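Note that the protein sequences, when read in sequence, are chains X and D. Just so you know, we're using my numbering here: the first sequence kicks off at 4 and counts up by one. Just so you know, we're using my numbering here: the second sequence kicks off at 12 and counts up by one. What follows is a single structure, written as structure tokens, with notes after it.
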Amino acid sequence: MKQDQLLISVKDLRTYFFLDEGTVRAVDGVDFNIWYGQTLGVVGESGCGKSVTARSILRIVPRPGRIVSGEITLYRKCDRSPSLRGENPSQQIEEIKLTDLDPTGREMCSIRGTEIALVPQEPMASLSPVHSIGNQIAEVIMLHQRVDKHTARARTIEMLELVGFPKPKERVDSLPHQLSGGLRQRAVIAMALCCHPSLLIADEPTTALDVTTEAQILRLLRNLQSELGMAIMYITHNLGVVAQMCEDVIVMYMGRVVEETSVDALFHSPLHPYTQALLRSIPRLGQKTRERRRLESIRGTVPDPYAIPKGCSFHPRCHQRIRGVCDQQEPPYVEVEPGHKVRCLLYQP
Amino acid sequence: MFAYIVRRVLIMIPTLILISIVSFTALQLPPGDYLTSYAAQLRTMGEQVDEEALNSLRERYGMGQPIYVQYWKWVSGIITRGDWGQSMEWQKPVKELIWERLGLTVALAVFSLLISWGIAIPMGVYSATHQYSIPDYLMSAFSFLGVGVPAFLWALIIMYFAQTKLGINVGGLFSEKYINAPWTWDKFVDMLKHLWIPGLIVAIENTAGELRTTRANLLDELNKPYVELARAKGLSERKLLWKYPVRVAMNPFFSTVGWSLANRISSITLMSIVLSLQTTGPMQLRALMSQDMYLAGSFLLLLSALTVVGTLISDILLAWVDPRIRLEA
Ligand SMILES: Nc1ncnc2c1ncn2[C@@H]1O[C@H](COP(=O)(O)OP(=O)(O)O)[C@@H](O)[C@H]1O
Ligand SMILES: [Mg+2]
Chain X
4 MKQDQLLISV KDLRTYFFLD EGTVRAVDGV DFNIWYGQTL GVVGESGCGK
54 SVTARSILRI VPRPGRIVSG EITLYRKCDR SPSLRGENPS QQIEEIKLTD
104 LDPTGREMCS IRGTEIALVP QEPMASLSPV HSIGNQIAEV IMLHQRVDKH
154 TARARTIEML ELVGFPKPKE RVDSLPHQLS GGLRQRAVIA MALCCHPSLL
204 IADEPTTALD VTTEAQILRL LRNLQSELGM AIMYITHNLG VVAQMCEDVI
254 VMYMGRVVEE TSVDALFHSP LHPYTQALLR SIPRLGQKTR ERRRLESIRG
304 TVPDPYAIPK GCSFHPRCHQ RIRGVCDQQE PPYVEVEPGH KVRCLLYQP
Chain D
12 MFAYIVRRVL IMIPTLILIS IVSFTALQLP PGDYLTSYAA QLRTMGEQVD
62 EEALNSLRER YGMGQPIYVQ YWKWVSGIIT RGDWGQSMEW QKPVKELIWE
112 RLGLTVALAV FSLLISWGIA IPMGVYSATH QYSIPDYLMS AFSFLGVGVP
162 AFLWALIIMY FAQTKLGINV GGLFSEKYIN APWTWDKFVD MLKHLWIPGL
212 IVAIENTAGE LRTTRANLLD ELNKPYVELA RAKGLSERKL LWKYPVRVAM
262 NPFFSTVGWS LANRISSITL MSIVLSLQTT GPMQLRALMS QDMYLAGSFL
312 LLLSALTVVG TLISDILLAW VDPRIRLEA
């Protein structure tokens, strides 16, 4: 799927929350790229800054949060009309610095929903309780495609059909609370896809769902991707889902990317001690309970976000830490093999 | 929706019956009645009391009969003939006295409701979306003043300014020449000119509270995931604000319309006495004091009925803005 055209590049992104109690460095120097058509998994324990990274790309970081430094660039293909897609190999690429745009301005608003779309974590809370799903989907179509109500409604029904919504014609006017969790999530996916975004950010889209529904939604997303060819930034804390969904993955810890690699390498040759610990914490079939419990959790807990440890932020929990080094020096981000980067002092050249 | 309204209307009927019984009984509780106190008054003034006439009046008003008979006569008169009884003090049928005043009271209540919503909602929305800004603090200060200063004091202050600085006569709801004139377009326009000051005064004390409610509710809604998703869809801030969180934050207003109208009617009573407005308030007070029972009873019944109707309006409005209620009903 991966094409050779860069879609998003994030460079040294820092997004902080300025609270009365202190500054939370939710994202603290994050670098990664997303390519057209790529599926990039973003994993890490909860609170490590995955959602804030996603919100930074969309420029919807809530107050008192703010992007304090760094660069997010969108490489937009200029001619995006579907009929011409693919027929014109020399498409113009327009470079847009999202971090320079006014987050409430017209240009940013025209990028949200059309170039970058979001599938949020909780479909119920993310839908307005007093508007029908049809209304909430058609709204996006009318906004970005400048069509009348009638056309928008017809397209809404098409989209619902595309995401496997049963009887879309009859149920387009349903309210969110009349639908099951799985259907709500399908509605939200339809909403995200209705303007054919280049990047779909799925922020733990299945955490609120049961296992069977989760499997259905994952299958749906995979099928939609091969059909529509968009890139997906798939945020999750579940490595099993990463294995199913993604080609490449970044591992985050305390607001930083600690490892970036292909999914194969992640499971076969993880480099960072944190990644290794994450992999060990996946319960496996046939494992003895005692053994499993010992492996289940990573030693210690995530430190207080106001007081990030000196040196490598993972060192208090790390089995392989080097005294006098890991608690003193900032680990550099090194490319150990082509396409496999890690932020750890063990791999310092 | 239609079935829902019909059901709500049916529920109103027993409520209204109960209200009419309670208000009628309450009026009978004080000792004596209008005629005995009237006769006593005449005697002290040394005038002849025509016992014959008194008795025929007693007969006519149904006094001396058991209370349920009196109640039945009154209520059946209202239902079958639209006859609300006779005002003893005014020597006129009650229905000739009350409708215009009731209309003015309701007009004033609705008018002040519109004024205070018109002020409170935009200000509350601004306050919530610009939390901790200077205008937000100013509006908080204003709303504390509005809550803290009693309405009659506002009435006196505004009356003073209107009269001395603006040269507007704020006593009454009409100019002199229209007071007893029949309703014409000119009289209506004249009324609107007088209505805005009392409307504003009644609005002030409620506006403050409503501003706080709007601000607090909206602050709760603004960080909800559905607002974030609306933003992620590319909606402009203004569009998404009014379509989503404001709409949800307004629900409590719609659901308390009836109650806040009733609340305003009691503020208007006080206001009307201070400003001598021809609303229900002053007349009702007098009727209660002189035990003019049919007049007082009719007022009590009608004003309570207004509250019930207000509640119905609330429910219909709420069902209209919140489809969840409509569908479940
Ligand atoms: N609105 C907010 N206000 C204050 N702190 C926040 C806010 N949103 C996120 N944070 C902080 O940012 C950090 C990262 O959060 P988040 O990106 O949501 O984590 P996750 O990886 O679970 O998605 C957390 O420590 C959290 O406390
Ligand atoms: Mg999250």
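Heads up, the beta-carbon is just placed ideally off N, CA and C, and yes, glycines get one too. It should be emphasised that the depicted structure is a prediction, and the values quoted were computed from it without experimental measurement.
Indicate whether histidine 322(X) and cysteine 329(X) have their beta-carbon atoms separated by less than 8 Å.
-> no
Partner residues on chain D for histidine 199(X), Cβ-Cβ distance less than 9 Å = Going along chain D, no residue has its Cβ under 9 Å from histidine 199(X), so there is no contact; the nearest lies around 13 Å.
Histidine 278(X): buried (16+ other C-beta within 10 angstroms of its C-beta) or exposed?
-> The sequence given here places threonine at residue 278(X); histidine does not occur at that position. So threonine 278(X) counts as buried.
Aspartate 105(X) classed as buried or exposed, judged by whether at least 16 other C-beta atoms fall within 10 angstroms | exposed
Where tyrosine 137(D) and isoleucine 22(D) are concerned, what is the direct C-alpha to C-alpha distance, given to the nearest angstrom?
-> 39 Å
Indicate whether at least one CB of chain D lies closer than 8 Å to the CB of methionine 194(X).
-> yes
According to DSSP, is leucine 265(X) helix, strand or coil?
-> First, the residue type needs correcting, since residue 265(X) is serine and not leucine in the sequence shown. It is a strand residue.
Chain B contacts made by the region 132-152 of chain X, where a contact means CB separation under 9 Å = The structure shown contains no chain B; the protein chains it does contain are X and D.
Around ligand 2, what residues have a beta-carbon under 7 Å from a heavy atom of it, in chain order?
-> Ser49(X), Lys53(X), Ser54(X), Gln124(X), Asp206(X), Glu207(X), Ile238(X)
Contact test: alanine 29(X) Cβ vs ligand 1 heavy atom, cutoff 7 Å | yes
Are the C-beta of leucine 246(D) and some C-beta of chain X separated by less than 8 Å?
-> yes
Cβ-based burial, asparagine 66(D) [other Cβ within 10 Å; buried from 16] = exposed
Listed by chain order, chain D residues near arginine 115(X) by CB distance under 8 Å | Arg242, Ala243, Lys244, Gly245
Taking 8 Å as the CB-CB limit, is threonine 18(X) close to chain D?
-> no
Scan the region 252-268 of chain D for residues whose Cβ lies nearer than 7 Å to a Cβ of chain X and list them as they occur along the chain.
-> Tyr255, Arg258, Val259
Shorter than 8 Å from the beta carbon of valine 332(D) to some beta carbon of chain X?
-> yes
Identify the contact partners of alanine 128(X) in chain D, using a Cβ-Cβ distance below 8 Å as the criterion.
-> Lys235, Pro236, Tyr237
Would the beta-carbon of leucine 281(X) be found less than 7 Å away from any heavy atom of ligand 1?
-> no
Helix, strand or coil at valine 46(X) [DSSP, three-state] | strand
With 8 Å as the limit, tell me which residues of the region 200-230 of chain D have their beta carbon closer than that to any beta carbon of chain X; keep them in chain order.
-> none
Relative to ligand 1, is the shortest distance from any of its heavy atoms to the C-beta of phenylalanine 35(X) smaller than 7 Å?
-> no
Sequence ranges, beta strand (DSSP E) only - wholly within the region 76-164 of chain X, length at least 3 | 96-100, 119-122
How should lysine 152(X) be labelled, buried or exposed, when 16 other C-beta atoms within 10 angstroms of its C-beta is the threshold for buried?
-> exposed
Could you tell me the boundaries of the alpha helix (DSSP H) in which phenylalanine 56(D) lies?
-> The question names phenylalanine, but residue 56(D) is methionine in the sequence shown. Segment: none, methionine 56(D) is in no alpha helix (DSSP H) and carries neither H nor E.
Grab the span of the beta strand (DSSP E) containing serine 287(D) for me, first residue to last.
-> Here serine 287(D) belongs to no beta strand (DSSP E), and DSSP marks it neither H nor E.
Nearest candidate by alpha-carbon position, reference valine 45(X), set Trp38(X), Thr56(X), Tyr39(X) | Thr56(X)
Going straight from the alpha carbon of glutamate 299(X) to that of histidine 271(X), what length do you get?
-> Here glutamate 299(X) scores only 45 on pLDDT, less than 50, and its place in the model is too uncertain to base an answer on.
Would arginine 19(D) pass as a contact of leucine 323(D) if the rule is Cβ separation under 8 Å?
-> yes
Euclidean distance between Cα positions of arginine 226(D) and lysine 235(D) = 15 Å
Between the CA atoms of alanine 234(X) and glycine 185(X) - distance to the nearest angstrom = 22 Å
Do you know offhand how far glutamate 338(X)'s Cα is from valine 143(X)'s?
-> 41 Å
For alanine 260(D), which residues of its own chain have a beta-carbon under 7 Å away from its beta-carbon, when the five flanking residues on both sides are left out?
-> Thr225, Asn228, Leu229, Glu232
Alpha carbon of tryptophan 83(D) to alpha carbon of tyrosine 148(D), nearest angstrom | 57 Å
Would you verify that the beta carbon of isoleucine 63(X) is, or is not, closer than 8 Å to some beta carbon of chain D?
-> yes
At a cut of 8 Å, does the region 90-108 of chain D reach the region 193-206 of chain D through at least three beta carbon pairs?
-> no
Leaving out the 5 sequence neighbours to the left and right, which residues in its chain are closer than 7 Å to leucine 202(X) when beta-carbon positions are compared?
-> Leu10, Ile11, Ile37, Glu118, Ile119, Met233, Ala234, Met236
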